[in-house]
Amino acid sequence: MNPNLKTVIVILAFAATTFFPPAKALAQGNQEMPVAVQRLLINVRKAMDKNDYAAAVKLIQADQAKSKSNAPCSHPIVCLALGNCFLMQKQVGHAESAYLTALSLDKNYLDAQVNLAKVYTDTNRNAKAGEAFLAAYQLSDPQNPKYLYYAAVMALTDGKTQTAIRRFESLFSAHPGQVTRQWRENYANALVTAQQWKKAAPVIRGLIVQSKGESRIKWQEALLQIYLTINDTGKALDLAGTLSRQAPSEARWWKALVHIRLARGEYANAFEDLIIYSFISPLTRQEKKLFADLSLQLNVPARAARIYETLLTGSNEKKSSPNQNRQIINRLVCAYRQMGRGDKALAVLNRFDPQAGNPELLLLKGDVLYETKNYKAADKAFRTAARKNCSQKGQAWLMAGYAAWQYNDLVGSRSAFEQAAQYKRQRKDALAAIAQLNRSSQM
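Under our numbering, the first residue of the sequence shown carries the number 109, and numbering increases by one thereafter.
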């Protein structure tokens, strides 16, 4: 979470300055503040105390008009005061010019450098803001770590991730006792953006320990995602398992466990975790499909069939075409076949393709008919699928040959096998079947 740098409070230098200094007071470095400058700043301060920044600007401009210089101001602190007055009036262009003039008069003027960085931040010139904050850090004595932190954040905001990382690491090295959680959070964001997963992981683990509530959950999810990104499913599984035990009512950890188990091929465990997840959170359509698929894979076809039927009925059935739902239809049919309910499998196919217009479903229908020993109807289904340019045309002709053979239509069988032999995948089986037919006819 990037800090809102636009709300950074920059101490206005002259607001902390003694406006009634002794005659030999030092204004900046070893420069003595002239009496005329002291008098001017007293009057400027009075105007500012009344929030009359425009009047304060006029006082400075009138004073400058009396001088022989063409510069907007003759002393760094006066330039700073002028810039601050412009900034308070949201005249950032004039403020920037005044701060730059102050720095041209004294390149080591920290307050002007900080406020210039503020101007760049307010105007979304992130690269310049970062460089200005870096310069402020180098000028500060003792060095103020916040300026280096802002320099790092502005580099990150500007998309200069590697620069941001270097600045964060310099910050932590130089000021180990002043590092805050927010600083580490932005460092972690930079590392994740740069895809430096191995460096990001320990930083995020530290943030998890330091954080609470939603912030902690955010970093836990980030760490889990890193493990998955680098394909370390072992660490991902350990973390998700720990999190699910720590917060058993938090659905996201059970959902994560399901996907990790699936990635590891642990389908039975994924199924168990999905059951728990379903008690905590309503399943989406895709999650219901996954539930059904796992049920089918783990030989629980009755449960799979119930879910597939739910996915295919009601509004979904009316709005979806057989093509859109073909995968679910195929698996529902498979579930009924596992249950030995060929009648229900055929009913599903007749319901979703009543005109037998879909060649893929027609091929599946032929398989069910063949399985239930309705060979003549199966032969017809296979041949119709083949003629409708089924994607498995060779398989359709091969199965038509077997079906015709089963009810002794040897001419039709041979014809179908000859068609199937034209396809590379079915050629061997088709030629073997033709050879068997030939031997049978010679007996």
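Just so you know, even glycine gets a beta-carbon here, dropped at the ideal spot from N, CA and C.
With C-beta atoms as the reference, is Phe525 less than 7 Å away from Gly502?
-> no
Pairwise C-alpha distance: Gln169 and Leu211 = 19 Å
What is the rounded straight-line gap between the Cα of Thr271 and the Cα of Ala330?
-> 22 Å
Contact set for Tyr257: own chain, Cβ-Cβ below 7 Å, skip 5 residues either direction | Leu279 and Trp291
Smallest Cα separation from Glu243: which of Leu457, Val222, Lys166 and Glu380?
-> Here residue 243 turns out to be Ala, not Glu, going by the sequence shown. Comparing Cα-Cα distances from Ala243 to each of Leu457, Val222, Lys166 and Glu380, the minimum goes to Val222.
Helix, strand or coil at Asp266 [DSSP, three-state] = coil
Report the rounded CA-to-CA distance for Ala355 versus Gly321, giving the unit in angstroms.
-> 12 Å
How many Å lie between Arg289 and Glu395 at the Cα?
-> 37 Å
Own chain partners of Leu472 with C-beta closer than 7 Å, once the 5 adjacent residues on each side are dropped | Asn438, Val441 and Leu457
State yes or no: is the C-beta of Ser352 within less than 7 Å of the C-beta of Leu365?
-> yes
What did DSSP end up calling Ile338 once you bin it into helix, strand or coil?
-> coil
Cβ atoms of Tyr515 and Lys484: under 7 Å apart, would you say?
-> yes
In or out: Gly267 buried (at least 16 other Cβ within 10 Å) or exposed?
-> exposed
Leaving out the 5 sequence neighbours to the left and right, which residues in its chain are closer than 6 Å to Met196 when beta-carbon positions are compared?
-> Tyr161
Where the alpha helix (DSSP H) containing Tyr510 begins and where it ends = Lys501 to Gln514
Leaving out five residues on either side along the sequence, give the residues of the same chain with a beta carbon under 6 Å from the beta carbon of Val476.
-> Gly450, Ala453 and Leu454
Count the other CB atoms within 10 Å of the CB of Gly201; is the residue buried (16 or more) or exposed (fewer)?
-> exposed
Residues near Glu479 in its chain [Cβ-Cβ closer than 8 Å; skip 5 each side] = Arg445 and Gly450
Contiguous alpha helix (DSSP H) assignments of at least 4 residues, all confined to the segment 196-245 | 200-213 and 218-230
Between the CA atoms of Arg153 and Ala131 - distance to the nearest angstrom | The pLDDT assigned to Ala131 is 27, lower than 50, so where the model puts this residue is not dependable; a value taken from the coordinates is nonetheless given after this. Between Ala131 and Arg153, the C-alpha separation is close to 18 Å.
Same chain only: Cβ atoms within 7 Å of Thr341, ignoring 5 sequence neighbours per side | Ile368, Ala371 and Arg372
Kindly indicate which three-state DSSP category Ser389 falls into: helix, strand or coil?
-> coil
Which two residues bound the contiguous alpha helix (DSSP H) that contains Met447?
-> Counting along the chain, Met447 falls outside any alpha helix (DSSP H), and DSSP gives it neither H nor E.
By Cβ distance, which residues of its chain are closer than 7 Å to Ser175, with the 5 residues on each side in sequence left out?
-> Ser182
Confirm, please, whether the CB-CB distance from Gly191 to Ala203 is below 7 Å.
-> yes
Cβ neighbour criterion (16 or more within 10 Å) applied to Ser403 | buried
Report whether the distance from the Cβ of Leu469 to the nearest heavy atom of the ligand GDP is below 6 Å.
-> Only the bare structure without any ligand can be found here, which leaves the ligand GDP out of the picture.
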